[in-house]
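Colleague: Here my numbering runs 16 ahead of the position in the sequence shown, where the first position is 1.
Yeah, the Cβ is synthetic: ideal placement off N, Cα and C, and Gly gets one too.
Before anything else, here's the structure in question.
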Amino acid sequence: MSRGFLVADHVADVRVKAWGSGFEDVFSEMSKAMWFLMFGEAQIPALHKWHIEVTGMDMEDLLVAFLNEQLVLFDTDGLVMAGIEQIRVEPGQDGEEVRLDSVLCGAHVSHVQARVNLQIKAATFHGLHLTPAEAWVTFDV
17 MSRGFLVADH
27 VADVRVKAWG
37 SGFEDVFSEM
47 SKAMWFLMFG
57 EAQIPALHKW
67 HIEVTGMDME
77 DLLVAFLNEQ
87 LVLFDTDGLV
97 MAGIEQIRVE
107 PGQDGEEVRL
117 DSVLCGAHVS
127 HVQARVNLQI
137 KAATFHGLHL
147 TPAEAWVTFD
157 V
């Protein structure tokens with residue numbers, strides 16, 4: 017199955033569709049889409065690696081937490097993602113939270129030869145749709 021993302025018009029925010037052949041692909045493509053919205057086609061050097069581990073009550077909560085954790089790292093530490101080296105989604109067992117473990121690579125914003133095109137405040141639950149093959153996420157800008 018192919019992988020990718022599509023940016024759609026939305027009244028006040030930005031809505032994105034991402035697709036892939038499983039939750040890991042979908043989460044990865046949505047992350048790429050978010051960074052594309054922020055930095056466009058800019059070449060982000062892969063100078064550093066960082067680990068992100070998030071949990072959620074369900075897969076939708078996990079996706080929003082994963083995207084928002086990246087935004088927190090950008091806002092607090094100036095980290096910009098170039099790519100995802102590893103991503104693993106673990107469904108929860110009877111009443112347990114679902115987990116995501118990932119390794120991202122990228123650079124500090126000071127090493128990026130581009131300005132932020134669009135400042136994203138957060139990934140939201142508004143109109144959120146998620147299946148193992150695709151997701152729709154609305155970003156608050």
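(1) On a Cα-Cα basis, can you pick out the residue from Met73, Arg31, Gly94 that is closest to Cys121?
(2) Here's a check: name, in chain order, each residue in its chain whose Cβ is nearer than 7 angstroms to the Cβ of Glu113, leaving out the five neighbours to either side.
(3) Would you report the Cα separation of Asp77 and Ile60, rounded to the nearest angstrom?
(4) So what's Leu53 in DSSP terms, helix, strand or just coil?
(5) Taking the straight line between their C-alpha atoms, what separation do you get for Met54 and Val125?
(6) Excluding the 5 residues flanking Val23 on each side, which residues of the same chain have their C-beta closer than 6 angstroms to its C-beta?
(7) What are the uninterrupted segments assigned as beta strand (DSSP E) that are 3 or more residues long and contained completely in the region 90-144, given in chain order?
(8) Can you grab the Cα-Cα spacing for the pair Pro148 / Phe43, in whole Å?
(9) What residue range does the beta strand (DSSP E) around Ala24 cover?
(10) Between Ala139 and Trp35, is the Cβ-Cβ spacing less than 9 angstroms?
(11) Three-state secondary structure (DSSP) at Ala81?
(12) Kindly indicate the opening and closing residues of the beta strand (DSSP E) around Gly163.
Modeller: Quick answer:
(1) Gly94
(2) Thr71, Gly72, Met73
(3) 28 angstroms
(4) helix
(5) 12 angstroms
(6) Val32
(7) 95-106, 114-124
(8) 10 angstroms
(9) 20-24
(10) no
(11) helix
(12) Residue 163 lies beyond the residue range present for the chain, which begins at 17 and ends at 157; the question has no answer from this structure.
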